[in-house]
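Read through the structure below, which is laid out as structure tokens, and then see the notes.
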Amino acid sequence: NAGVTQTPKFQVLKTGQSMTLQCAQDMNHEYMSWYRQDPGMGLRLIHYSVGAGITDQGEVPNGYNVSRSTTEDFPLRLLSAAPSQTSVYFCASSPRGGGNEKLFFGSGTQLSVL
Amino acid sequence: AQTVTQSQPEMSVQEAETVTLSCTYDTSESDYYLFWYKQPPSRQMILVIRQEAYKQQNATENRFSVNFQKAAKSFSLKISDSQLGDAAMYFCAYRSAGTGNQFYFGTGTSLTVIP
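Line by line, the protein sequences give chains A and B. Plus 1016 on top of the position in the first sequence (first one is 1) and you've got my numbering. Plus 327 on top of the position in the second sequence (first one is 1) and you've got my numbering.
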């Protein structure tokens, strides 16, 4: 099983550039989410989705857009990258309403914005 | 958003000894789920243990156990017989049982295991 696949693993951007982080899962999970991980700040929720066509903001949504056209895919878009968006990004999925079902994580994307 | 607090940025333990990592959370919900995740240097996120809030019995998984105090909103992780492979960042997480089922994470505790 592939699980949650995130691409790319590493990316360097210049300030003002745009890019899309890709996330796909093959477990038919309704719930998908994006986190950023920064030293001393843990994992902070950026956006999440509880099903195709449904997205909502998390704790730190500014500067990021998402869409969910299919159950499998949940891309994260940076419209105009800023140095403050330098971070490690994780995509994660879970069955919705599964209660104690764990989050399945991708392998992460190390993003540097210069 | 729910708040999850891990007050110990760093902890160390001697190999074969026991260590307890602290976690507290703030919520007005009565039904929720709690998790501990381990993140080794590989950056992979690994589920260590989970607890349902409606269960009074503390969860255990081999050398890992929790002390869940619902009234105090406390969820500590105890690692017994610590091994070198336990060295990692540990994150406490809260999952709402309500709309959205979001997960919220603490800031993490970096555990060092001393040989």
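For every residue, glycine included, the Cβ atom is placed at its ideal position computed from N, Cα and C.
Burial state of residue i, where buried means 16 or more other Cβ atoms lie within 10 Å
| i | result |
| --- | --- |
| A/SER1065 | buried |
| A/ILE1070 | exposed |
| B/LYS286 | Residue 286 of chain B lies beyond the range of chain B shown here (328 to 442); nothing can be said about it. |
| A/LEU1095 | exposed |
| B/ALA420 | buried |
| A/ALA1018 | exposed |
| B/GLY425 | exposed |
| B/ASP358 | exposed |
| B/ILE406 | buried |
| A/THR1125 | buried |
| B/GLY433 | buried |
| B/ILE373 | exposed |
| B/LEU444 | Any property of residue 444 of chain B remains undetermined from this structure, which presents chain B solely from 328 to 442. |
| A/GLY1074 | buried |
| B/ALA380 | buried |
| A/SER1110 | buried |
| A/GLN1101 | buried |
| B/ALA386 | buried |
| B/THR439 | exposed |
Strand pairing of residue i, partner residues [DSSP]
| i | result |
| --- | --- |
| A/ASN1081 | A/ARG1093 |
| B/ARG377 | B/PHE362 |
| A/GLN1041 | A/VAL1020 |
| B/MET338 | B/LEU438 |
| B/PHE388 | The sequence given here places Glu at residue 388 of chain B; Phe does not occur at that position. The partner list for B/GLU388 (beta bridge, DSSP) reads B/PHE391. |
| B/LEU404 | B/LEU348, B/VAL393 |
| B/GLN371 | B/GLN371 pairs with nothing; no bridge assigned. |
| A/LEU1061 | A/TYR1051 |
| A/GLY1067 | A/ILE1070 |
Limits of the beta strand (DSSP E) - the one that residue i falls within
| i | result |
| --- | --- |
| A/VAL1020 | 1020-1023 |
| A/GLY1073 | At residue 1073 of chain A the sequence reads Gln, which differs from the Gly that was named. Segment 1070-1073, the beta strand (DSSP E) holding A/GLN1073. |
| A/ALA1108 | 1103-1110 |
| A/GLN1033 | Premise fails: A/GLN1033 is in no beta strand (DSSP E) and is neither H nor E. |
| B/ALA420 | 415-423 |
| A/VAL1028 | 1026-1029 |
| A/MET1048 | 1047-1054 |
| B/THR332 | 330-332 |
| A/SER1128 | 1125-1129 |
Residue i Cβ short of 8 Å to the ligand SAH heavy atom set
| i | result |
| --- | --- |
| B/PHE391 | You won't find the ligand SAH in this model; it holds no ligand whatsoever. |
- Query: Does the region 1046-1063 of chain A come close enough to the region 1027-1034 of chain A that 3 or more CB-CB pairs lie under 8 Å?
  - Reply: No: fewer than three Cβ pairs fall under 8 Å.
- Query: Residues in the region 421-440 of chain B with C-beta within 9 Å of chain A's C-beta atoms, listed in sequence order?
  - Reply: Those residues of the region 421-440 of chain B that come within reach of chain A (Cβ to Cβ, closer than 9 Å) are ARG422, ALA424, THR426, GLY427, ASN428, GLN429, PHE430, TYR431, PHE432, GLY433, THR434, GLY435.
- Task: Decide if the region 1082-1090 of chain A is in contact with the region 1057-1073 of chain A; the criterion is three or more beta carbon pairs, one per stretch, under 8 Å apart.
- Result: A contact exists between the region 1082-1090 of chain A and the region 1057-1073 of chain A.
- Task: Count the C-beta pairs between the region 388-398 of chain B and the region 1074-1083 of chain A that are closer than 8 Å, then say yes if the count reaches three, no if not.
- Result: With the rule of 3 Cβ pairs closer than 8 Å, the region 388-398 of chain B does not count as touching the region 1074-1083 of chain A.
- Please name the residues in the region 395-419 of chain B whose beta-carbon is closer than 8 Å to at least one beta-carbon of chain A, in chain order. Along the region 395-419 of chain B, the positions whose C-beta sits under 8 Å from a C-beta of chain A are PHE418, read in chain order.
- Task: Count the C-beta pairs between the region 398-407 of chain B and the region 1033-1045 of chain A that are closer than 8 Å, then say yes if the count reaches three, no if not.
- Result: The region 398-407 of chain B is not in contact with the region 1033-1045 of chain A.
- Would the region 344-352 of chain B and the region 367-381 of chain B be scored as touching if the rule is three or more Cβ pairs under 8 Å? The answer is no - the region 367-381 of chain B does not touch the region 344-352 of chain B, with fewer than three Cβ pairs under 8 Å.
- Message: Against chain B, which members of the region 1083-1111 of chain A pass a CB distance test of less than 8 Å?
- Response: Per Cβ criterion, the list reads VAL1104, PHE1106, ALA1108, SER1110.
- Within 8 Å of chain B by C-beta, residues of the region 1033-1049 of chain A in sequence order: When CB distances to chain B are screened at a threshold of 8 Å, the residues of the region 1033-1049 of chain A falling below it are TYR1047, SER1049, in chain order.
- Task: Would you list, in chain order, the members of the region 1046-1078 of chain A that have their beta-carbon closer than 8 Å to a beta-carbon of chain B?
- Result: Look at the region 1046-1078 of chain A: the residues with a C-beta under 8 Å from a C-beta of chain B are TYR1047, SER1049, TYR1051, GLY1056, MET1057, GLY1058, LEU1059, ARG1060, LEU1061, TYR1064, VAL1066, ASP1072, GLY1074, GLU1075.
- Item | Contacting positions in the region 351-363 of chain B - beta carbon closer than 7 Å to chain A | Contact residues of the region 351-363 of chain B toward chain A are TYR360, PHE362 (C-beta to C-beta distance below 7 Å).
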